[in-house]
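Since the structure comes first, as structure tokens, the remarks are kept for the end.
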Amino acid sequence: MFSKIPNIQEFNFVNQSSTLKPTTSTTMKKKLLLLPLLTLSIGTTSLAQETPGNNTLNSEMTHRTCGTEVPGAEWDAWFNEQVELYKQSPNKVQQDFVIPVIIHLVHGGQAVGTFPNISYAQLNSQIAVLNADYGGTGFNVANVPAAFSSLVSNTNVKFCMALKDPQGATLAEPGVERINYSTKGWANPTAATTSTAFTTYMNGTVKPATIWDPTRYMNIWVCDRNSATQLLGYATFPAGSTLSGMSGTGTATTDGFWSWAKSFGNTGTLDPTYNKGRTATHEIGHWLGLRHVWGDANCATDYCNDTPPAQTSNFGCPTFPYNSGTCSGNTTGEMTMNFMDYTDDPCMYMFTPDQRTRIQTAMTNGTYRKLLGTHGLCTVVGIESTNFTESEISIFPVPSQGTVSVKTELASACDLQFTLVNSLGQQVFQRNEKNMQNNTLQLNLSTYEKGFYFLKINAGNKTTVKKIMLD
Ligand SMILES: [Zn+2]
């Protein structure tokens, strides 16, 4: 007989001296009524000057544009406050975040591989680009000028194609859902001839009908669009505040990023100027809380001290040093190779440490960011399973009201060390449990501040990190 007898243990840490600082409100507010249908600023206000690059030949685009709505001052104030809280932590969380991606590919009934129903190879190529770009190892990063070489940053964010749909079924094509607009009764996306009409169509029709739970998946929509829109992509900024007046942020029905199919990935049917996957890198930068490096006004701030002030957006492929001294305080030239400028795909290749801080802040505070990677939807190395598999050690429920269960199903008994770390990277407690195999541990965390925590579980050279959300 080898029937497993669950061994329920409980540990309660109410006497543990808490070093927790007050955490921000984590109330999940669904701003269903704030759909930005009429407030889209398509980024043209600050584009008074145009400096065409030399790579635009044969491109359908005059130059890069970005349809992401510039967030309001209220969002800036709220997010910047979260950034400061994150920066005050002396021991920040160093774990990678792994974001499960679902790509909703909207097509018109073409065979798979025929534009706009682009191939899996093209869709999947975008994931590798994102992991390189967000890891500081992307295409052309070796071209970074010496003045900025110490600033190339690994953001510690990774991406993976989701393996399962919301019902738990394995996806035939990991991370991809193909949707025929005509069988849905929708117009062809190319029927919209202005950027506003297009984003209204996406936000009002396609996204609400197709979005998967944005607390579990990063939603990406890919389709063709009318060249008159001059759109490459647009994204939503991270929501997370219950304060009023926020604009530019995603909702339960709109959160995510849309890309033109000809600027998605780096292999397949691509526009010759936007063929390195940097539309997604740029737009997901917004999705992770980054502003344009020129601050969307002349010599304005992007709230990052390590990106030099820039007069306006730059196009094409400027030669460094470029516009040195044009803005007060700029002694190096502008960082036109930053992903948050408007340069051509081959000519943008870096994020900075301050941008990394904003990205990490978004991942720890965003309503639709902070639980990403906790649902066993990825298999890549990272936060979900660096060694123990999801079936070996699982944690539930997520989110929790106070009691968190840790279930182990191990092939052989081993001694485990549990370390709970708060969202600022501070250790809350550490505890050893001997002879663990088929057990369920119950952690009573009801006396702790609401928010999210990391539970690190170690056994010799095997380890895993689980995210815990106290709601
Ligand atoms: Zn942008």
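In our numbering, the protein residues as written are 61 to 531.
Note that CB positions come from ideal geometry on N, CA and C, so glycine has one too.
Just to confirm, does H342 get its C-beta within under 7 Å of one of the non-hydrogen atoms of ligand 1? Position 282 of the sequence shown holds residue 342. Judged by the Cβ position, H342 qualifies as a neighbour of ligand 1 at the 7 Å threshold, a heavy atom of the ligand being closer than this.
In whole angstroms, what is the alpha-carbon distance linking Y180 and H167? In the sequence shown, the residue the question calls residue 180 occupies position 120. In the sequence shown, the residue the question calls residue 167 occupies position 107. Y180 and H167 have their C-alpha atoms roughly 14 Å apart.
Mind checking whether L501 and V466 have CB atoms under 8 Å apart? To locate residue 501, count along the sequence shown from 1; it is residue 441. To locate residue 466, count along the sequence shown from 1; it is residue 406. Using a Cβ distance threshold of 8 Å, L501 and V466 count as a contacting pair.
Of the residues T449, I419, E493, the one placed nearest T523, counting alpha carbons only: Taking the first residue of the sequence shown as 1, we reach residue 523 at position 463. Proximity to T523 across T449, I419, E493 peaks at T449, based on C-alpha coordinates.
Would a C-beta distance cut-off of 8 Å place S255 and T296 closer than the cut-off? The residue labelled residue 255 in the question sits at position 195 within the sequence shown. The residue labelled residue 296 in the question sits at position 236 within the sequence shown. No; because the gap between Cβ atoms is not below 8 Å, this pair is not in contact.
Would G293 be called buried (16 or more neighbouring beta carbons within 10 Å of its own) or exposed? If you number the sequence shown from 1, residue 293 lands on position 233. With 16 or more other Cβ atoms within 10 Å, it is buried.
With 16 other CB atoms within 10 Å as the buried threshold, where does S304 fall? Locating residue 304 in the sequence shown gives position 244, counting from the first residue. Looking at its Cβ environment, which holds fewer than 16 other Cβ atoms inside 10 Å, S304 is exposed.
Which ranges does the alpha helix (DSSP H) cover as unbroken runs of at least 4 residues, wholly within the stretch 121 to 191, from first to last along the chain? List check, alpha helix (DSSP H) in window: 133 to 148.
Sheet register partners of Y513 (DSSP bridge): Start at 1 with the first residue of the sequence shown, and residue 513 comes out as number 453. DSSP links Y513 through a beta bridge to N482, I528.
Between which two residues does the beta strand (DSSP E) harbouring F258 extend? As a position in the sequence shown, residue 258 is number 198, starting the count at 1. From DSSP, F258 is part of no beta strand (DSSP E) but of the alpha helix (DSSP H) over 255 to 261.
Element boundaries [alpha helix (DSSP H), containing A422]: Reading the sequence shown from its first residue, position 362 is the one you call residue 422. It spans 413 to 425 - the alpha helix (DSSP H) in which A422 sits, taken as one unbroken run.
Which first and last residues belong to the beta strand (DSSP E) in which A295 is found? Numbered from 1 along the sequence shown, position 235 holds the residue referred to as residue 295. That run of the beta strand (DSSP E) goes 293 to 295.
Helix, strand or coil at F208 [DSSP, three-state]: In the sequence shown, residue 208 corresponds to position 148, counting from 1. Here DSSP, grouped into helix, strand and coil, assigns F208 to helix.
Mapping DSSP to helix, strand and coil, what is K244? Within the sequence shown, numbered from 1, the residue matching residue 244 stands at position 184. Reduced to three states, the DSSP call for K244 is coil.
Could you tell me which whole alpha helix (DSSP H) segments of length 4 or greater appear in the stretch 320 to 378? Secondary structure within the stretch 320 to 378: the alpha helix (DSSP H) runs of 4 or more consecutive residues, fully enclosed, are 338 to 347 (chain order).
Return the Cβ separation of N191 and K218 in integer angstroms, given the expectation that the two are a contact with Cβ distance under 8 Å. Locating residue 191 in the sequence shown gives position 131, where the first residue counts as 1. Locating residue 218 in the sequence shown gives position 158, where the first residue counts as 1. Between N191 and K218 a beta carbon distance of about 5 Å is seen, short of the 8 Å cut, so the two are scored as contacting.
Rounded to the nearest angstrom, what separates Y508 and S242 at their Cα positions? Residue mapping note: residue 508 aligns to position 448 of the sequence shown, counting from 1. Residue mapping note: residue 242 aligns to position 182 of the sequence shown, counting from 1. Looking at the two C-alpha atoms, the distance is approximately 51 Å.
Using a Cβ distance threshold of 8 Å, determine whether the stretch 230 to 241 contacts the stretch 398 to 418, with at least three qualifying pairs required. Because the criterion of three Cβ pairs below 8 Å is not met, the stretch 230 to 241 and the stretch 398 to 418 do not touch.
I want to check one thing, is the minimum distance from the CB of C283 to the heavy atoms of ligand 1 below 7 Å? Position 223 of the sequence shown holds residue 283. The answer is no for C283.
Host beta strand (DSSP E) of K267 (start-end): In the sequence shown, the residue the question calls residue 267 occupies position 207. No beta strand (DSSP E) contains K267, which is instead part of the alpha helix (DSSP H) from 267 to 270.
Quickly, what does DSSP pair C438 with across the bridge? List them, please. Here residue 438 corresponds to residue number 378 of the sequence shown, with the count starting at 1. According to DSSP, which records beta bridges pairwise, C438 is partnered with nothing at all.
With a CB to CB cut of under 6 Å and the five nearest residues on each side skipped, what residues in its chain are close to R276? As a first step, residue 276 must be located in the sequence shown, where it is residue number 216. Answer for R276: H435, listed in chain order.
Beta-ladder partner(s) of F448, from DSSP: Against the sequence shown, residue 448 aligns to sequence position 388. DSSP, once it has assigned bridges, lists no residue as partnering F448.
Can we count H346 as close to ligand 2, meaning its CB is less than 7 Å from some heavy atom? Among the ligands in the structure shown, ligand 2 does not appear; only ligand 1 can be found there.
Classify P378: buried if its beta carbon has 16 or more other beta carbons within 10 angstroms, exposed otherwise. The count along the sequence shown starts at 1 and reaches residue 378 at position 318. Label assigned to P378: buried.
Best match in Q182, V158, E141, F208 for proximity to D366 [C-alpha to C-alpha]: Locating residue 366 in the sequence shown gives position 306, where the first residue counts as 1. The shortest CA-to-CA distance from D366 to any of Q182, V158, E141, F208 is the one to F208.
Closest by CA to H54, which one among M397, S213, I162? Residue 54 lies beyond the range of the chain shown here (61 to 531); nothing can be said about it.
Tell me where the beta strand (DSSP E) around F456 begins and ends. Start at 1 with the first residue of the sequence shown, and residue 456 comes out as number 396. Counted as a single uninterrupted DSSP element, the beta strand (DSSP E) harbouring F456 occupies residues 453 to 456.
Nearest neighbour of T125, chosen from T174, T250, D405 [CA to CA]: In the sequence shown, the residue the question calls residue 125 occupies position 65. Nearest C-alpha to T125: D405.
Given a cut-off of 8 Å on the beta-carbon distance, is the pair Y146 and T424 in contact? Counted from its first residue, the sequence shown places residue 146 at position 86. Counted from its first residue, the sequence shown places residue 424 at position 364. Yes, Cβ-Cβ distance for Y146 and T424 is below 8 Å.
I want to check one thing, is the minimum distance from the CB of H352 to the heavy atoms of ligand 1 below 7 Å? For the purposes of this step, residue 352 is identified with residue 292 of the sequence shown, where counting begins at 1. Checking the Cβ of H352 against ligand 1 gives yes.
Please enumerate, following chain order, all residues with a beta carbon closer than 5 Å to at least one heavy atom belonging to ligand 1. In chain order, the qualifying residues are C126, T128.
Below 8 Å between beta carbons: does that hold for E120 and S287? Along the sequence shown, one-based indexing puts residue 120 at 60. Along the sequence shown, one-based indexing puts residue 287 at 227. Pairing E120 with S287 gives a Cβ-Cβ distance under 8 Å.
Suppose you measure from the CA of T197 to the CA of N214; what does that come to, to the nearest Å? The residue labelled residue 197 in the question sits at position 137 within the sequence shown. The residue labelled residue 214 in the question sits at position 154 within the sequence shown. T197 and N214 have their C-alpha atoms roughly 8 Å apart.
Near T468, which residues of its chain fall below 8 Å by C-beta distance, leaving aside the five closest residues on each side in sequence? Counting from one through the sequence shown, the residue named residue 468 turns up at place 408. Excluding positions up to five away in sequence, the list reads E452, I453, L476, M496, Q497, N498, N499, T500, L501.
Local conformation of D273 per DSSP, three classes: Position 213 of the sequence shown holds residue 273. In the three-state scheme derived from DSSP, where H, G and I count as helix and E and B as strand, D273 is classed as coil.
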